Amino acid sequence: MSRGPLTGFEATYARALYRATGVGDGDFAGPLIAVVNSFSEAVPGHVHLPQVAAWVKEAIREAGGTPVEFNTIAPCDGICQGLGMHCILPIREVVAASAELMLQAHRFQAAVMIASCDKIIPGMLLAGARCNLPTIFATGGVMPPGEGPEGRLVASDVKEAMGRLACGEITEEHLAQIERTACPGPGACNMMGTAVTMACIVEALGLSLPGCATVTALSDQHESLARQSGREIVSLVEAGQCARQFLVSESVDNAIRVGLAAGGSSNMVLHILALAQELEMALTSQDFDRLSRQTPLLVRLKPAADSTVTDFHQAGGVRTLMAELRSLLHLNVPAIGAASLADRLAGVARSPDSIIQPLTDPLSTEGGLAVLFGNLAPRGAVVKQSGVGEGMMVCAGPARVCNSEEEVRQKLLTGQVQPGDVLVIRYEGPRGGPGMCELSIPAAMLIGMGLGDSVAMVTDGRYSGATRGPCIGHVCPEAAAGGPIAAVREGDLIHIDIPGRRLQVDLAEAQIQRRLASVQHPPPKLTGGFLDIYAALASGADTGAVLRTPRD
Numbered sequence: 002m003s004r005g006p007l008t009g010f011e012a013t014y015a016r017a018l019y020r021a022t023g024v025g026d027g028d029f030a031g032p033l034i035a036v037v038n039s040f041s042e043a044v045p046g047h048v049h050l051p052q053v054a055a056w057v058k059e060a061i062r063e064a065g066g067t068p069v070e071f072n073t074i075a076p077c078d079g080i081c082q083g084l085g086m087h088c089i090l091p092i093r094e095v096v097a098a099s100a101e102l103m104l105q106a107h108r109f110q111a112a113v114m115i116a117s118c119d120k121i122i123p124g125m126l127l128a129g130a131r132c133n134l135p136t137i138f139a140t141g142g143v144m145p146p147g148e149g150p151e152g153r154l155v156a157s158d159v160k161e162a163m164g165r166l167a168c169g170e171i172t173e174e175h176l177a178q179i180e181r182t183a184c185p186g187p188g189a190c191n192m193m194g195t196a197v198t199m200a201c202i203v204e205a206l207g208l209s210l211p212g213c214a215t216v217t218a219l220s221d222q223h224e225s226l227a228r229q230s231g232r233e234i235v236s237l238v239e240a241g242q243c244a245r246q247f248l249v250s251e252s253v254d255n256a257i258r259v260g261l262a263a264g265g266s267s268n269m270v271l272h273i274l275a276l277a278q279e280l281e282m283a284l285t286s287q288d289f290d291r292l293s294r295q296t297p298l299l300v301r302l303k304p305a306a307d308s309t310v311t312d313f314h315q316a317g318g319v320r321t322l323m324a325e326l327r328s329l330l331h332l333n334v335p336a337i338g339a340a341s342l343a344d345r346l347a348g349v350a351r352s353p354d355s356i357i358q359p360l361t362d363p364l365s366t367e368g369g370l371a372v373l374f375g376n377l378a379p380r381g382a383v384v385k386q387s388g389v390g391e392g393m394m395v396c397a398g399p400a401r402v403c404n405s406e407e408e409v410r411q412k413l414l415t416g417q418v419q420p421g422d423v424l425v426i427r428y429e430g431p432r433g434g435p436g437m438c439e440l441s442i443p444a445a446m447l448i449g450m451g452l453g454d455s456v457a458m459v460t461d462g463r464y465s466g467a468t469r470g471p472c473i474g475h476v477c478p479e480a481a482a483g484g485p486i487a488a489v490r491e492g493d494l495i496h497i498d499i500p501g502r503r504l505q506v507d508l509a510e511a512q513i514q515r516r517l518a519s520v521q522h523p524p525p526k527l528t529g530g531f532l533d534i535y536a537a538l539a540s541g542a543d544t545g546a547v548l549r550t551p552r553d
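As structure tokens, this is what we get:
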């Protein structure tokens with residue numbers, strides 16, 4: 002093991018300062034290990050993380066390491082709906098930068114990343130790639146499902162219930178019962194949203210222990226996994242195994258297949274493309290579509306089905322899913338706690354009654370996502386096809402144009418949307434929003450109002466990982482960058498062909514260009530501070546919506 006940053010004459014001043022924090026003589030010789038915690042009382046997925054950190058730190062000390070905890074920020078996508086949503090994707094960059102800078106400034110020798118939710122796990126992944134230290138993720142687990150008036154509930158049921166109230170299907174008291182019972186305790190939302198998807202991606206990359214992605218928060222198994230993670234990080238330091246040894250193209254390929262087979266969030270495309278930028282990998286949205294055509298859908302969870310993440314965990318979770326996908330995976334890649342992925346999967350098999358389908362009898366021959374191209378999305382658009390009903394896989398309808406999420410919500414609530422319409426929501430991209438807003442509430446309201454089988458949504462923004470229905474996002478280029486979506490007018494005919502991977506507006510190219518030449522872009526909905534920086538520097542969704550420096 003290399004000499005630590007707290008030994009020798011040069012570290013005298015640092016040791017003196019660390020002594021004021023409670024670090025003593027017996028701690029200076031061991032490897033200095035950062036416990037990067039995203040605890041926040043503002044987020045159900047993070048409110049319990051001090052306990053997870055305590056388990057990790059105790060195990061690090063027992064293994065001979067010196068744990069030092071620091072925090073990053075963490076928002077809740079669900080709580081920040083509306084204007085707050087403009088800040089959420091930019092926060093991924095802040096999490097990445099804050100973790101990166103602390104790890105480098107204090108010369109930590111390793112990092113345990115403790116996170117649960119949508120932008121925090123990706124942000125810590127970016128920091129891990131940049132710093133390239135021995136790194137392990139101890140993800141925060143999922144909250145148990147709730148028990149409500151209609152049986153088991155998860156967070157996405159609340160959003161859909163809002164739409165059911167809006168169309169008179171349920172009463173206000175019924176909605177209040179759902180609100181009170183859907184989220185019974187700490188942990189990530191118990192659905193295949195972005196939080197759980199990204200936890201599954203990390204486990205598939207080999208950067209967390211088997212079961213971490215789907216374990217129930219604060220359960221006995223969660224404690225065991227957290228303590229094992231603390232021991233494993235010391236072993237990684239001793240072995241000199243760093244993050245980029247796990248973040249190879251073959252592992253990324255494996256992780257994408259796992260996300261596709263599990264019906265994962267469309268946001269995983271954004272985050273994995275951002276990671277690929279850090280790793281200088283030649284990965285594009287077309288690669289996701291190629292892999293989706295080759296990778297069958299083997300799991301369908303809430304909100305696209307009745308099964309929960311807890312059911313998935315009890316069926317073996319990510320490790321069992323990967324064992325079923327074994328013939329499609331690169332097995333000679335590293336995995337924490339095992340000699341290789343092949344070793345991790347040895348002897349693992351699904352049970353006959355599992356909610357994980359066999360590879361020979363999939364739910365669908367294709368994975369959960371599709372990437373569409375056409376004159377409305379020359380650089381692509383993403384749809385979670387596993388959540389789209391058969392009748393909407395190919396459809397066409399007149400455009401109902403909205404220049405903001407607020408406008409589409411108003412149209413839905415005032416009955417201005419009719420079956421057969423295609424809602425076109427623009428100026429919600431990385432630059433135009435700014436911040437690439439998540440349109441999860443309008444998408445869920447569409448389902449709750451009974452329009453999910455007759456109305457499509459197309460946006461340069463994004464959706465919740467748990468969105469279902471014909472919701473197409475990440476349209477590139479975005480409207481604010483002069484993309485064709487800015488040329489669409491009320492009543493233009495929009496064609497959607499998910500199997501054919503096409504997204505078209507019924508306009509000639511010359512018409513589109515004439516309209517774009519006269520477009521008056523609306524001002525951004527929020528300005529000032531970091532959002533101005535993000536709007537000025539953000540790349541398109543097709544490259545992960547990352548910050549581009551002038552030299553790029």
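To convert, count from 1 in the sequence shown and add 1; that's the working numbering.
Note that the Cβ used here is the ideal one computed from N, Cα and C, for glycine as well.
Computed from a prediction, not measured in an experiment: that's the story for all the values here.
Distance between residue j and residue i (C-alpha atoms, nearest Å)
| i | j | result |
| --- | --- | --- |
| P45 | F313 | 21 Å |
| N121 | A12 | The sequence given here has Ile at residue 121, not Asn. Near 32 Å, if we compare the C-alpha coordinates of A12 and I121. |
| A339 | Q417 | 56 Å |
| M2 | D28 | Because M2 carries a pLDDT of 46, less than 50, the predicted location of this residue cannot be relied on, and no value is offered for it. |
| D543 | C477 | 7 Å |
| E148 | P185 | 8 Å |
| K303 | D493 | 34 Å |
| L413 | V310 | 30 Å |
| P500 | D290 | 11 Å |
| V459 | V372 | 13 Å |
| V95 | V402 | 33 Å |
| N333 | A347 | 12 Å |
| A306 | P123 | 26 Å |
| G212 | G317 | 8 Å |
| L447 | C168 | 10 Å |
| Q297 | I80 | The identity of residue 297 in the sequence shown is Pro, whereas the question assumes Gln. Cα to Cα, the separation comes out at about 33 Å. |
| A64 | E224 | 16 Å |
| R570 | A214 | Not covered by the structure: residue 570. The range shown for the chain is 2 to 553. |
| I171 | A162 | 8 Å |
| V238 | I61 | 11 Å |
| S220 | A481 | 46 Å |
| D507 | R515 | 15 Å |
| E233 | A200 | 18 Å |
| P431 | L102 | 24 Å |
Residue(s) in a DSSP beta bridge with residue i
| i | result |
| --- | --- |
| P399 | L494 |
| S365 | L298 |
| E251 | DSSP output for E251 lists no bridge partner at all. |
| L346 | Partner(s): none; L346 has no beta bridge. |
| P211 | Its beta-bridge partners do not exist; DSSP assigns none. |
Whether residue i touches residue j by CB criterion (8 Å)
| i | j | result |
| --- | --- | --- |
| I513 | A546 | no |
| D422 | V456 | yes |
| R503 | D461 | no |
| I137 | L208 | yes |
| G483 | L538 | no |
| A277 | L271 | no |
| L532 | P91 | yes |
| G388 | T468 | yes |
| M193 | A263 | yes |
| G356 | E325 | Checking the displayed sequence, the identity of residue 356 turns out to be Ile instead of Gly. Not closer than 8 Å, so no. |
| A600 | M125 | This structure cannot settle anything about residue 600, because the visible part of the chain is limited to 2 through 553. |
| V249 | V319 | no |
| M437 | R410 | no |
| H49 | P187 | yes |
| P485 | P363 | no |
| A100 | A128 | yes |
| A536 | P435 | yes |
| C118 | A218 | no |
| L261 | L280 | no |
Any chain D beta carbon closer than 8 Å to residue i
| i | result |
| --- | --- |
| A244 | No chain D appears in the structure shown, which is made up of a single protein chain. |
Check your understanding: Is the stretch 121-140 in contact with the stretch 243-258, if contact means three or more CB pairs nearer than 8 Å?
Key -> yes
Review point. Which parts of the stretch 366-447 are runs of the beta strand (DSSP E), unbroken and 3 residues or longer, counting only runs that do not cross its ends?
Key: 370-375, 378-385, 395-403 and 423-426
Practice item. Taking 8 Å as the threshold, find out whether the stretch 380-391 comes into contact with the stretch 470-478 through three or more Cβ pairs. Key: yes
Check your understanding: Does the count of Cβ pairs from the stretch 167-185 and the stretch 340-349 closer than 8 Å reach three?
Key -> no
Review point. Should the stretch 155-162 be called in touch with the stretch 227-234, which here means at least 3 C-beta pairs below 8 Å?
Key: no
Check your understanding: Can you list the beta strand (DSSP E) stretches of 3 or more residues lying completely in the stretch 132-205, in chain order?
Key -> 136-138, 147-149 and 152-154
Check your understanding: Looking at C-beta atoms only, is the number of pairs between the stretch 32-45 and the stretch 106-114 that lie closer than 8 Å three or more?
Key -> yes
Practice item. Go through the stretch 7-44 residue by residue and report every complete run of the alpha helix (DSSP H) that reaches 4 residues or more, in order. Key: 13-20
Check your understanding: Taking the runs of the beta strand (DSSP E) that are 3 residues or longer, which of them lie wholly in the stretch 39-97?
Key -> 67-72
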